[in-house]
Amino acid sequence: MEYRLLGNTGLIVSEIGFGSWAIGGDEWGAVKDNESIDAIEKAIDLGVNFIDTADVYGLGHSETLVAKAINNRRQDIILSTKGGLIGHHYDPNQPAVYGDPQKIIDAFEASLLRLKTDYIDVYFCHIWWDKPEETAAFLQAFQTLKKSGKVRAVGVSTNDLDYIKHFNQNNDLDVVQFDYSILNKEPEKDILPYIEKHNLGAVIRGPLKMGILTGKFNYETQFPDDDLRKDWPKEKWFKDSLNKVEKLRSLVRSNRSLAQVALRYVLSHPAVSVAIPGAKNSTQVEENSSHLTRPLLLDNEIEFIKKL
1 MEYRLLGNTG LIVSEIGFGS WAIGGDEWGA VKDNESIDAI EKAIDLGVNF
51 IDTADVYGLG HSETLVAKAI NNRRQDIILS TKGGLIGHHY DPNQPAVYGD
101 PQKIIDAFEA SLLRLKTDYI DVYFCHIWWD KPEETAAFLQ AFQTLKKSGK
151 VRAVGVSTND LDYIKHFNQN NDLDVVQFDY SILNKEPEKD ILPYIEKHNL
201 GAVIRGPLKM GILTGKFNYE TQFPDDDLRK DWPKEKWFKD SLNKVEKLRS
251 LVRSNRSLAQ VALRYVLSHP AVSVAIPGAK NSTQVEENSS HLTRPLLLDN
301 EIEFIKKL
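Given below as structure tokens:
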């Protein structure tokens, strides 16, 4: 495994992390807890030290599983979790739900209990739109938590650059988590240059676009009713994405899968600290982590992807 600095936090993170949304078990189809725990343990064995979760993933279940998996290895892990979505109405036009710093601190303390730890390395605001009273409350809570020593770094999870700027207007941010992949290169125009300028950590979610960039889906794919992707086959963007995947197959080699091409691409950007593909079992973890033993993308291959 290769490691990188997480912005100016002083934290050194594996360039491949572990995204723990799917193991929450309530939105990604069938997931077995024992396989989820095995997957995290396998990731750590392979050198992964950055594990990302959130209180809303399975309403705490993901955090509980992470705690079991890292039980005796906490000191080796850079652990991040997120708060702000439990009980939220997901509507920016509705009254603020997390407008009180104490509510945020209470949510954080609940995460600590589930994760069975006394500190979090990176704590994110999980609300991805800018409601001034909630942003102000999070900034106040962040200051309190950092002063207490319970949090080492703070961040926001969003693809809204104006929101990031609002959070960081007094240089209060350490890390930003955002969606970036071959199928969503928009951050190259705005978020990534801003992160480079301000030396922030960049945590990349969705580097495999929820599985699309593994190449395992096709035009006939159907998802089960308990999978949040169940309506994708009806969507034009999904078909457009599959068309791009077909073009990307020209970059696949006998010793380099499509998923490894996708991970190599996002990690080729100098501002990126860590990519956090999700995994539900050890096989997926091994596939995600084996990118290091595969050929690097050549300059002309990167240009091909950029034009796609």
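With UniProt numbering, letter number 291 in the sequence shown gets 291, and the count goes up by one each step, no holes. Every residue gets a Cβ at the ideal spot worked out from N, C-alpha and C, and that includes glycine.
Contact check between the stretch 155-168 and the stretch 228-246: fewer than three CB pairs, one atom from each, fall below 8 Å, which does not count as touching. For Gly155, the beta-bridge partners assigned by DSSP are Phe124 and Val175. According to the DSSP assignment, Ile40 belongs to the alpha helix (DSSP H) that extends over Asp33 to Asp45.
Linking Lys150 to Ile120 through their CA atoms gives a straight-line distance of about 6 Å. Linking Tyr123 to Lys146 through their CA atoms gives a straight-line distance of about 10 Å. The beta strand (DSSP E) runs of length 3 or more contained entirely in the stretch 56-131 are, from start to end of the chain, 78-83 and 120-125. Unbroken alpha helix (DSSP H) runs of no fewer than 4 residues, entirely contained in the stretch 210-248, are found at 236-248, following chain order. Non-local C-beta neighbours of Ala137 in its own chain, meaning closer than 8 Å and more than five positions away in sequence, comprise Ala96, Tyr98, Gly99, Asp100, Pro101, Lys103 and Ile104, ordered along the chain. Taking every protein chain shown into account, the CB of Ala107 has 16 or more other CB atoms within 10 angstroms, so this residue is buried. DSSP, read as helix, strand or coil, puts Ser14 in strand.
The DSSP-derived three-state label of Ala137 is helix. Secondary structure of Asp52 (DSSP, three-state): strand. Distance check between Glu301 and each of Ile182, Thr221 and Lys82 places Ile182 closest, using alpha-carbon atoms only. Counted as a single uninterrupted DSSP element, the alpha helix (DSSP H) harbouring Val261 occupies residues Leu258 to Leu267. Sorting Val48, Trp232, Pro277 and Lys32 by C-alpha distance to the C-alpha of Thr214 places Pro277 at the top. The residue among Gly83, Lys82, Asp118 and Asp240 with its C-alpha nearest the C-alpha of Gln75 is Asp118. Put simply, the stretch 252-272 touches the stretch 162-182. At least three CB pairs are less than 8 Å apart. The straight-line gap separating the alpha-carbon atoms of Glu287 and Leu6 is approximately 23 Å. Relative to Ile164, the option among Ser148, Gln140, Phe223 and Ile127 whose CA is nearest is Ile127. Going by C-alpha positions, Ser250 is about 44 Å away from Ser111.
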